[in-house]
Amino acid sequence: DAGVTQSPTHLIKTRGQQVTLRCSPKSGHDTVSWYQQALGQGPQFIFQYYEEEERQRGNFPDRFSGHQFPNYSSELNVNALLLGDSALYLCASSYRGREAIETQYFGPGTRLLVL
Amino acid sequence: KQEVTQIPAALSVPEGENLVLNCSFTDSAIYNLQWFRQDPGKGLTSLLLIQSSQREQTSGRLNASLDKSSGRSTLYIAASQPGDSATYLCAVGYYGGSQGNLIFGKGTKLSVKP
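Keeping their order, the protein sequence lines are chains A and B.
Residue 154 in my numbering sits at position 12 of the first sequence, with consecutive numbering throughout.
Residue 150 in my numbering sits at position 51 of the second sequence, with consecutive numbering throughout.
Written out as structure tokens, the structure reads:
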């Protein structure tokens with residue numbers, strides 16, 4: 143079992159550019175959540191996808207958008223990048239099952255640096 | 100709104116010491132609590148998961164307790180080793196809507212000196 147995988151591992155962009163981050167969930171999982179972790183902070187929830195739809199969203203602007211594909215993999219897109227978007231972006235997967243909430247498994251993250 | 104606080108923010112101990120990391124949360128309506136380890140620049144590794152109906156979980160030298168009524172959890176590390184040096188994050192599972200299902204503290208940065 144490959145676990146949760148994310149790509150790329152590192153990324154450097156300039157202000158105003160757009161970026162796409164990718165996540166493949168753990169085998170058997172159908173739900174993907176994205177988190178932003180700024181330096182020295184705990185991860186902050188961005189949004190969650192299930193059945194190819196955004197089910198929950200945190201307090202992030204519309205510049206942050208996502209997508210889930212039929213194979214449950216997911217993308218996080220950030221438009222008009224700001225310096226403050228520099229962070230570690232974590233993907234977590236889970237299986238929704240009969241419970242609304244299940245244990246989340248985290249990927250290694252993508253480190254984004256905006257110059 | 101659920102808030103998670105971890106104390107201390109940083110801790111430095113000599114090798115071999117037993118230590119306790121603290122986590123508190125403001126809303127006791129949680130469904131579980133999880134402790135993670137994070138090495139610099141890396142992702143999260145789950146250490147222990149306590150369901151809301153449980154009082155504690157143990158794995159090797161680690162023991163985590165949960166007291167929902169007081170809104171507290173502790174992570175006890177026995178006989179600390181330099182390899183334990185990392186940031187330890189506490190996260191509560193919570194039906195919080197816009198906060199998402201997992202609310203994190205800011206972490207405790209642990210340094211174990213040889």
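Idealized CB from N, CA, C, for every residue including glycine.
In the DSSP assignment, the beta strand (DSSP E) including residue i goes from what residue to what residue?
| i | result |
| --- | --- |
| Val194 of chain B | In the sequence under discussion, the amino acid at residue 194 of chain B is Tyr, which differs from the Val named in the question. No beta strand (DSSP E) holds Tyr194 of chain B; DSSP gives it neither H nor E. |
| Glu155 of chain B | 155–158 |
| Pro113 of chain B | 109–113 |
| Phe135 of chain B | 129–137 |
| Arg164 of chain A | 161–166 |
| Phe187 of chain A | 186–192 |
| Asn121 of chain B | 118–124 |
| Ala229 of chain A | 229–236 |
Mark residue i as exposed unless 16 or more other C-beta atoms lie within 10 angstroms of its C-beta, in which case mark it buried.
| i | result |
| --- | --- |
| Gly182 of chain A | exposed |
| Ala185 of chain B | buried |
| Thr252 of chain A | buried |
Do residue j and residue i count as a contact pair if the criterion is CB distance below 8 Å?
| i | j | result |
| --- | --- | --- |
| Ser235 of chain A | Lys168 of chain A | yes |
| Ala222 of chain A | Leu254 of chain A | no |
| Leu161 of chain B | Leu148 of chain B | no |
| Asn219 of chain A | Gly226 of chain A | no |
List, in order along the chain, the chain B residues whose C-beta lies closer than 7 Å to that of residue i?
| i | result |
| --- | --- |
| Thr245 of chain A | Leu148 |
Could you list which residues in chain A have their beta carbon closer than 9 Å to that of residue i, in chain order?
| i | result |
| --- | --- |
| Lys205 of chain B | Gly182, Gln183, Gly184 |
Identify the contact partners of residue i in chain B, using a Cβ-Cβ distance below 9 Å as the criterion.
| i | result |
| --- | --- |
| Phe248 of chain A | Phe135, Gly142, Leu143, Thr144, Ser145 |
| Gly251 of chain A | Gly140, Lys141, Gly142, Leu143 |
Checklist entry - Using a beta-carbon distance cut-off of less than 9 Å, what residues from the stretch 215–231 of chain A approach chain B? => result For the stretch 215–231 of chain A, the beta-carbon criterion of a distance under 9 Å to any beta-carbon of chain B is satisfied by Leu230.
Checklist entry - Going along the stretch 137–156 of chain B in order, which residues come within less than 9 Å of chain A, judged by CB to CB distance? => result Under the 9 Å Cβ criterion, the stretch 137–156 of chain B contributes Gln137, Gly140, Lys141, Gly142, Leu143, Thr144, Ser145, Leu148.
Checklist entry - What residues from the stretch 183–203 of chain A come within 7 Å of chain B, judged by C-beta to C-beta, listed N to C? => result Contacts with chain B (Cβ-Cβ distance below 7 Å) from the stretch 183–203 of chain A involve Gln183, Gly184, Pro185, Phe187, Gln190, Gln198, Arg199, Gly200, Asn201, listed in chain order.
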